[in-house]
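Data block below; observations after.
There are 2 protein chains.
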Amino acid sequence: MSQILKNDRFLRALRREPVDRTPVWIMRQAGRYLPEYRRVRAQAGDFLSLCSNPDLACEVTLQPIDRFGLDAAILFSDILTLPNAMGLELAFETGEGPKFANPIRDLKAVQQLSVPDPEQAIGYVMDAVRLIVRELDGRVPLIGFAGSPWTVGTYVVEGGSSKTFSHIKAMMYSEPAVLHKLLDTLAKATVEYLAAQIEAGASAVMVFDTWGGVLTPATYREFSLRYMQNITHALAERYPATPVILFTKNGGAWLEDMAATGCAGLGLDWTTDLSDARARVGDKVALQGNLDPSVLYSPPEVIRREVGKVLESFGHGEGHVFNLGHGVTPDVNPEHVGALVEAVRELSPAYHKAG
Amino acid sequence: MSQILKNDRFLRALRREPVDRTPVWIMRQAGRYLPEYRRVRAQAGDFLSLCSNPDLACEVTLQPIDRFGLDAAILFSDILTLPNAMGLELAFETGEGPKFANPIRDLKAVQQLSVPDPEQAIGYVMDAVRLIVRELDGRVPLIGFAGSPWTVGTYVVEGGSSKTFSHIKAMMYSEPAVLHKLLDTLAKATVEYLAAQIEAGASAVMVFDTWGGVLTPATYREFSLRYMQNITHALAERYPATPVILFTKNGGAWLEDMAATGCAGLGLDWTTDLSDARARVGDKVALQGNLDPSVLYSPPEVIRREVGKVLESFGHGEGHVFNLGHGVTPDVNPEHVGALVEAVRELSPAYHKAG
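Protein chains in written order, with our numbering: chain A, 40 to 394; chain B, 40 to 394.
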């Protein structure tokens, strides 16, 4: 599936190679803040129907590329399509978020899970990847993704979103072997899933650990990071040229441990300064981030100033991918996202020798 | 109001003086997980009626002291009683959390706020403090508290709870002078409020910065920490012997800055190891925390093991107040809280020379 890319800034930055300016893409860049997304979403019906329709998933993936000229596309999908394909029936109830009718609470339920063949169980995702890569026609690379085993685990054990994570934490503290078995199965399924996305044409993959930050340092290493490392290692063996980005929200304390997994890049939320992060791990990995998404509620001149601060914080040299520290929120004005992209384009060449 | 305390372990630990065992109290120790609390709450009617009734507030404050023999009591109240007393009408809607009917969104609204005389505007709190101190009769010290200006600010600007903090962050990035004026007024009101609690008999005060962790390092220092420091300094001038504890949830990255405010102790959530925190700031402040509250969903033997890990993490010597890393959740079995207290009592003497 490999093609000559017309714009490979994103991949070069992940390898910490020279670029003319800092590449930029935005978490949740295909989403509800875009009127063209909302039109397609209404056409699709519910959220899962949109995810499972390759034509529509392709269309919304490309919308922000067409509108803003970003340096990478990211597959439009959801981290819970994988457990859904593993037989855990997922539903999105309006205003309630994701729900699993039969949450996993014991060893028997864990043992009933098996690692699916992605093309068979969830082929619509790979169909979307193939279609997007064809439609991109080498303009920019496509990023594939999955949730971290811990993060996906929180949803399948709790049965949905949670504030206290009481069920999975009770399992973690009282029956760690059961949770390890679940996370191991999820990690193996995730390896196959990301491998299938790479085979279908994804140029890089990102693992979203949205909820790793609710753990203690010791339980983060044992129950979240370990399984992300398993994924990183398994993919590195099969696809040594494909960069893996790890992102643990509220994981700023653990960057050294994350960088030691052998991943190519770390996603950073806005609670850690890029300058500090770079001093800690910048000789090992690229850094992706980390503008506070709330800056997008401000007028363009404030956005430009804050973009400048993020670029200045990373400083001169290579290995920076500009992004928000978390996904763009649905109530943001798309023109403000445009102002962000324009500011990166205008202000970042000064930080690169080739710029 | 000062009395000879029969048990001053908590205050000694905050001064990093020798104790026979690690003192223990628990955030939200008076709360819904206790059947005796639920009875009083039902009697009071709504939550604000409970807060504003000194007899009932006293009763629920003492319940966990009577049941568990904790080493400190904490005033039963809410961080939003102060803005409520400043004329911002507060309501707790069932299942919806706190609501302010007229959120503060512009300079005019900020200018209409003034610093109230606590005894006049919110005297029921000081009445409760006086009653509790009398009823405690020197058994253990009473902790007074308030929310941090930033955290209280999030509620009064958003109009209630928030996930994205879009209004206050828009104000912060676009109209920082307006937000500074609001935070300055809130800080001054908080100084008077905490001073009144100390005058009424509180032996220590704690500032809860529940939402400081949603800021960037730079905005945390400018919009949250600065105002907590103003409070700490003002109180130190008037009450040099009264310890102030600062707690920023998800503030583990900023402990050095927090310790430099001159506070006596730092509350820690469970995402930072006590051993690391002690190495970073343990020569300046006492540390309070930091068991993951979710451990209380586990059986007593697991709770005991995890309490042991927290004690071991702090290690030998003085300056540790045992606590959870956040409040006890409503669905916890009270006997599990008992198991925590018993474990601290039994396991901690080994870490103290006087033990």
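All C-beta atoms in this analysis are idealised placements derived from N, C-alpha and C, irrespective of residue type, glycine included.
- As a beta-bridge residue in DSSP terms, H359 (chain A) pairs with A:L326.
- Residue contact check for F139 (chain A) against chain B: no CB pair falls below 8 Å.
- Residue environment analysis places K288 (chain B) among the buried positions, since at least 16 neighbouring C-beta atoms fall within 10 angstroms of its C-beta.
- Separation of the CB atoms of L114 (chain A) and G183 (chain A) is rounded to 5 Å, and the pair is thereby assigned contact status at 8 Å.
- L87 (chain B) has its alpha-carbon roughly 25 Å from the corresponding atom of I284 (chain B).
- The beta carbons of V367 (chain B) and L335 (chain B) sit closer together than 8 Å.
- At least one C-beta of chain A is nearer than 8 Å to the C-beta of W309 (chain B).
- If you ignore the 5 residues before and after L274 (chain A), its C-beta comes within less than 8 Å of the C-beta of V230, L233, A234, I237, V244, T281 and V283, all in its own chain and listed in chain order.
- Those residues of the stretch 184-204 of chain A placed with their C-beta closer than 8 Å to a C-beta in chain B are T203 and F204, ordered along the chain.
- Put simply, the CB of S242 (chain B) is far from chain A, with every gap to its CB atoms at 8 Å or more.
- In terms of beta-carbon proximity, D370 (chain B) lines the interface with chain A, with at least one pair separated by less than 8 Å.
- The beta carbons of Q102 (chain A) and Y72 (chain A) sit no closer together than 8 Å.
- DSSP places A243 (chain A) in the strand class (E or B) of the three-state scheme.
- Residue range G136 to F139 is occupied by the beta strand (DSSP E) that includes K138 (chain B).
- Our two residues, V324 (chain A) and N92 (chain A), have alpha carbons roughly 35 Å apart in a direct line.
- Inclusion of G70 (chain A) and P369 (chain A) in the CB contact set at 8 Å is warranted, their separation being smaller than that value.
- For N269 (chain B), not one C-beta of chain A is nearer than 8 Å to its own C-beta.
- Residue environment: N141 (chain A) is assigned as exposed (fewer than 16 neighbouring CB atoms within 10 Å of its CB, all protein chains considered).
- E381 (chain B) is outside the set of residues whose beta carbon lies under 8 Å from a beta carbon in chain A.
- The beta carbons of T120 (chain B) and I171 (chain B) sit no closer together than 8 Å.
- Listed along the chain, the chain A residues whose CB falls inside 8 Å of the CB of A209 (chain B) are S333, Y336 and S337.
- At the C-beta level, L152 (chain A) and F139 (chain A) stay beyond 8 Å of one another.
- For the set A:V164, A:F131, A:N372 and A:G136, the Cα lying nearest the Cα of S201 (chain A) is the one of A:G136.
- Looking at the DSSP output, G183 (chain A) shares a beta bridge with A:V244.
- Restricted to the stretch 182-264 of chain B, the alpha helix (DSSP H) segments that are unbroken, complete and at least 4 residues in length are 188-197, 205-213 and 215-239, listed in chain order.
- From the listed residues A:L305, A:M125, A:V349 and A:E340, the smallest Cα separation to Q159 (chain A) is found for A:M125.
- Taking C-beta atoms as the reference points, G291 (chain A) and G251 (chain A) fail to come closer than 8 Å.
- Straight-line spacing of the CA atoms in V196 (chain A) and A393 (chain A) works out to 49 Å.
- T224 (chain B) is positioned such that its CB atom lies no closer than 8 Å to that of I207 (chain B).
- The bridge partners DSSP lists for A112 (chain B) are B:L181.
- Its chain contains R60, T61 and L350 as the residues whose beta carbon lies nearer than 6 Å to that of S387 (chain B), once the 5 sequence neighbours on both sides are disregarded; these appear in chain order.
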